[in-house]
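I have placed the structure first, in the form of structure tokens, so that the comments after it can refer back to it.
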Amino acid sequence: MEQILTISNLNKKYGKLHAVKDLSLVVTKGSVFGILGPNGSGKTTTLGIILSVINADSGNFSWFNEPNSKANRKKIGAILEQPIFYPYLTAEKNLQIFANIKNAPFSDIERVLKIVELYDRKNSKFRTYSYGMKQRLAIAAALLGNPEVLIFDEPTNGLDPRGIAEIRELILQISQQGITILLASHLLDEVQKVCSHVAVLKEGSALFVGKVDEVLNIADTIEVSSNNKELLSIALKENRQIIEINSDQEIFVIKLKEGFSSYDLNSYLISKGIVLTHLAMRKKSLENQFLELLTEAE
Amino acid sequence: MIKLLQIELQKFMSYKAFWLMLVFYAVLLAFMIFGIPGLIDYIAEKSGDPSKFRIFKAIVFNFPDIWQNITYVASSRYFIKIILGIIVIIIITNEYSFLTIRANIIAGFDRKDFLIAKVELILLLSLFSTLIIFLSGLYLGFTNSTSTSIAHVFGKMTFLLGYFIEISAFLLFCLLLGIIFKKTGITFIVLFVYFIIEPILEYKLSDKITPYLPLEAINNIIQTPNTSLIKIKTPDFNMDFQEAVSFVDVGVCTAYAIVFILLSYLVLKRRDI
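So the sequences go chain by chain: A and B.
In the working numbering, each number is its position in the first sequence, counted from 1, plus 438.
In the working numbering, each number is its position in the second sequence, counted from 1, plus 6.
What follows is the structure, given as structure tokens:
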């Protein structure tokens, strides 16, 4: 897989605060890579470093397997923290400036304004825009010049539910065109809905890096118990549908492989002649799992 | 290079405050330059002896001395060039308060591009100011001067070049302050406090050092002109007046300009944006 971004051993300190701690990760072409972490976990600092607005204390990063350069940045569209434009200029004039910096043709401006549905308001000054419109204009600016990579930092922050849905839909559409996407968010749900890969950040270091469905194992748990605990234990260990068994005194807490349910487990145990005294499904909220990830690392 | 200036100008093309201040500056400068002859006429009329003042006017606006006289007035430290300084400070600190400097870098500028674009804008502003003085000088010279031979018209025109370097260096100083202090208000305060501090330093320090203090060095290029009037009145007045722009002064001032640019670059490069 072609590497788009490689970060190795990145460090950044603000006084005593270690904002980014020995961070390493690789983003491959075509992936939607989520950087997930609570506020203050170093997401924006990391993005700031790879976009050259923040100087790292140590470590390095490379875009497209090349040394960092402004030419590489022109192939990246990014929104960091908040939409940034000249407030006294119209949307179109703002985009002209950024098109010029990126060496993108002015003809591209109409295209990106239409994608975010702001073409009718192109002659309005930026400061007259609502927050949702500002956010959309920022996406338009990021799309200028057909970038190979898009970076979004909390793209749905401050938007109403409809706006959130629209932005997520837009991100998915963009990723289907083969553009690599880097998305920082504190919302697990958001990362899970749009990302293929994820790095979970806590206090500046990565707890987990990998595919979303691996890292954020979404399997529900099933609790079982029986009068004959030993027999149950042997039967459970033999079952290939089970990926994890934890025993809690009288009760076994089990995780099943994807596609299997408590029905399958129960049928299996009946076939083995085991009668359960307790069978319960425990659905875990995603937020709980996320919090679990964070506390496990402590 | 031209692309950078073009982008820089795009930022201000529809910025009303920028144009208002620039027009205000231009009008004030022209008003000042053209106001002097009007003022002299007025005094001449009020006084009982108008001919004496007419002579004075003819001397002040005589080619080639006119170039030194009007550049001296336009470049005086605490006066009109401050308006240009304020424009530069607003331009640079706006980029910080709107965070647009960050957007510029993310879009594909490096810090050098950002700085060069600003330096180019400053040179353009200086050129604009020099041009106003040049055109006013030509007009006033031709209407008041006794001699309009080419040698006289173009003599002492090095003062215009000196003025250009001086105003550029001053504006680069303002740019540096803006880059260091980021906030418009704070930068203004620092500039004005420094306006007060430097004369105090001059008073305390030895005469050997004082010409090399930044504002003093910048201001040194065009010194108080010796209109021939003073010579006439006091033949014994044995003090060296500036007759031509000195290469040493220009060199010191240019060196300062370069130092201001390098320091600006250093601060930009080392800081997070």
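Don't be surprised by glycine CBs; every beta carbon is placed ideally from N, CA and C.
- Residue burial annotation: Glu628/A is buried, with at least 16 other C-beta atoms found within 10 angstroms of its C-beta.
- For Met19/B, the nearest CB of chain A lies under 9 Å from its own CB, placing it at the interface with that chain.
- The alpha-carbon separation between Arg511/A and Ser135/B amounts to approximately 37 Å.
- With distances taken between CA atoms, Asn538/A lies nearest to Ala109/B out of Ala109/B, Leu105/B and Ile186/B.
- Contact annotation: in the segment 518-541 of chain A, residues whose CB is within less than 8 Å of a CB in chain B are Leu518, Gln520, Ile522, Phe523, Tyr524, Pro525, Tyr526, Leu527, Thr528, Lys531, Gln534, Ile535, Phe536, Asn538, Ile539, Lys540 and Asn541.
- Minimum Cα-Cα distance from Lys451/A among the listed residues Leu674/A, Ala622/A, Ala578/A and Thr483/A corresponds to Thr483/A.
- Cβ atoms of Asn477/A and His635/A stay farther apart than 8 Å, at about 22 Å.
- For chain A, none of the residues of the segment 39-72 of chain B brings a beta carbon within less than 8 Å of one of its beta carbons.
- When C-beta distances to chain B are compared with 9 Å, the residues of the segment 489-502 of chain A below that value are Leu489, Ser490, Val491, Ile492 and Asn493, in chain order.
- No Cβ-Cβ contact shorter than 9 Å links Ile88/B with Ile39/B.
- If you look at Tyr145/B, you'll find it in the alpha helix (DSSP H) that goes Arg117 to Asn150.
- In the displayed model, Gln12/B falls within a helix according to three-state DSSP.
- Distances from the CA of Lys467/A to each of Val713/A, Asp651/A, Ser643/A and Thr618/A were compared; the closest alpha carbon is that of Thr618/A.
- Taken in chain order, the members of the segment 100-112 of chain B whose beta-carbon sits within less than 7 Å of a beta-carbon on chain A are Phe104, Leu105, Thr106, Arg108, Ala109, Asn110, Ile111 and Ile112.
- The beta carbons of Ser663/A and Leu669/A sit no closer together than 9 Å.
- Burial is judged here by how many other beta carbons sit within 10 angstroms of a residue's own beta carbon; Pro599/A has fewer than 16 and is exposed.
- The residue among Gly44/B, Lys9/B and Tyr218/B with its C-alpha nearest the C-alpha of Val256/B is Tyr218/B.
- The C-beta of Lys87/B comes no closer than 9 Å to any C-beta of chain A.
- At a C-beta separation below 9 Å, Arg511/A has these neighbours in chain B: Ile111, Ile112, Ala113, Gly114, Phe115 and Asp116.
- In the three-state scheme derived from DSSP, where H, G and I count as helix and E and B as strand, Glu204/B is classed as helix.
- The alpha helix (DSSP H) runs lying completely inside the segment 17-78 of chain B and spanning 4 residues or more are 22-52 and 56-66, given in chain order.
- The C-beta of Met7/B has fewer than 16 other C-beta atoms within 10 Å across all chains shown, which makes the residue exposed.
- The alpha-carbon of Ile487/A is positioned some 15 Å away from that of Leu274/B.
- Closest in C-alpha terms to Thr715/A, from the list Gly697/A, Phe690/A, Glu696/A and Ser709/A, comes Phe690/A.
- Residue contact check for Ala579/A against chain B: a CB pair falls below 9 Å.
- Across the set Tyr271/B, Gly114/B, Val66/B and Glu126/B, the C-alpha of Val66/B shows the shortest separation from the C-alpha of Gly147/B.
- At a cut-off of 3 residues, not a single continuous stretch assigned as beta strand (DSSP E) sits fully inside the segment 158-236 of chain B.
- With a cut-off of 8 Å on Cβ pairs, the segment 527-546 of chain A is not in contact with the segment 125-142 of chain B, counting fewer than three such pairs.
- Less than 9 Å divides the Cβ of Leu575/A from the Cβ of Phe523/A.
- Taking a cut-off of 8 Å on C-beta distances, the segment 106-120 of chain B does not touch the segment 161-176 of chain B, as fewer than three cross pairs fall below it.
- DSSP places Lys481/A in no beta strand (DSSP E) but in the uninterrupted alpha helix (DSSP H) bounded by Lys481 to Ile488.
- Secondary structure note for Thr260/B: its alpha helix (DSSP H) is the uninterrupted segment Phe253 to Arg276.
- Remark: C-beta atoms of Lys58/B and Asp47/B do not approach each other more closely than 9 Å.
- Any Cβ of chain B closer than 9 Å to the Cβ of Ile514/A would place that residue at the interface, and such an atom is present.
- Residue-level contact check: Gly642/A does not touch chain B, since none of the beta carbons of chain B fall below 9 Å from its beta carbon.
- Interface annotation, Ile95/B: not in contact with chain A, CB-CB separation never under 9 Å.
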